[in-house]
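Undergrad: One structure follows; several queries about it will come next.
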């Protein structure tokens with residue numbers, strides 16, 4: 012038995028919390044449970060850091076945006092640092108405005124927010140965005156341009172603008188395997 016076992020209690024609680032928060036939801040158009048995405052984001056973050064709070068924030072990153080969970084609940088359960096990172100990853104929606112009508116404004120705000128974010132928030136964001144880009148690349152290789160029909164915004168040029176803006180905001184992570192994979196997948200999908 013090792014002398015200094017790794018304390019994963021915070022991460023373990025975060026995983027259980029995220030599984031419960033996302034229970035019964037499907038990843039849009041994928042046919043598998045939503046929780047697969049936050050778990051993949053967490054795995055990607057683990058290739059950059061073993062920081063348990065960042066791993067917890069990665070697995071929790073969509074709970075405030077996509078479930079009934081509030082930032083205050085995250086703060087109470089997991090502390091200020093985790094809650095702040097989760098909040099920085101959450102889009103804000105205007106009531107009464109359709110998602111597709113606010114898409115460009117929300118995505119531009121996210122790119123700008125990420126550009127000035129802490130390194131912690133950037134690491135978690137890269138986990139999320141690379142997981143998304145992997146799914147896009149996988150699906151694009153199977154269905155081609157029909158992929159864009161799954162999204163509220165259907166023009167691939169809009170998605171390219173968004174992902175290249177995110178990549179620019181995350182450039183401080185260049186040199187990590189995750190960032191290099193992210194750039195490679197953006198180039199692969201959007202050069203077609």
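Numbering (our numbering), first residue to last: 12 to 203.
Don't be surprised by glycine CBs; every beta carbon is placed ideally from N, CA and C.
In three-state terms, what does DSSP make of residue 74?
TA: helix
Undergrad: Check for me: the alpha helix (DSSP H) holding residue 169 runs from which residue to which?
TA: 167 to 180
Undergrad: Looking only at C-alpha atoms, which of 39, 97, 95, 66 sits nearest to residue 18?
TA: 66
Undergrad: Any heavy atom of the ligand FAD closer than 7 Å to the Cβ of residue 83?
TA: The model depicted lacks the ligand FAD and carries no ligand whatsoever.
Undergrad: Quick one, which of 116, 71, 77, 169 has its alpha-carbon nearest residue 95's?
TA: 71
Undergrad: Which residues in the same chain have their Cβ closer than 7 Å to the Cβ of residue 161, if we skip the five residues on either side of it in sequence?
TA: 39, 40
Undergrad: Pick helix, strand or coil for residue 185, following the three-state DSSP scheme.
TA: Strand at residue 185.
Undergrad: What residue does the alpha helix (DSSP H) around residue 132 start on, and which one ends it?
TA: 130 to 154
Undergrad: Spatial neighbours of residue 192 within its chain, please: CB distance less than 7 Å, with the 5 preceding and 5 following residues excluded, ordered by chain position.
TA: 141
Undergrad: Assign residue 37 to one of three DSSP states: helix, strand, or coil.
TA: strand
Undergrad: Which same chain residues end up closer than 8 Å to residue 81 when comparing Cβ atoms and leaving out the 5 residues on each side of it in sequence?
TA: Here residue 81 has 75 as same chain residues with Cβ atoms under 8 Å from its own Cβ, once five neighbours each way along the sequence are excluded.
Undergrad: Figure out for me which residue from 114, 86, 31, 195 has the closest Cα to the Cα of residue 164.
TA: Per the Cα distances, 114.
Undergrad: So what does DSSP say about residue 44, is it helix, strand or coil?
TA: Correct three-state label for residue 44: strand.
Undergrad: Rounded to a whole number of angstroms, what is the C-alpha to C-alpha distance between residue 59 and residue 159?
TA: 30 Å
Undergrad: Give me the Cα-Cα distance between residue 37 and residue 153, rounded to the nearest whole angstrom.
TA: Going by the C-alpha atoms only, they are around 19 Å apart.
Undergrad: To the nearest angstrom, how far is it from the Cα of residue 183 to the Cα of residue 62?
TA: Each residue's alpha carbon lies about 18 Å from the other.
Undergrad: DSSP three-state label for residue 49, please.
TA: helix
Undergrad: Please list the terminal residues of the continuous alpha helix (DSSP H) segment that includes residue 26.
TA: 20 to 32
Undergrad: For the alpha helix (DSSP H) containing residue 89, list its first residue and its last residue.
TA: 82 to 89
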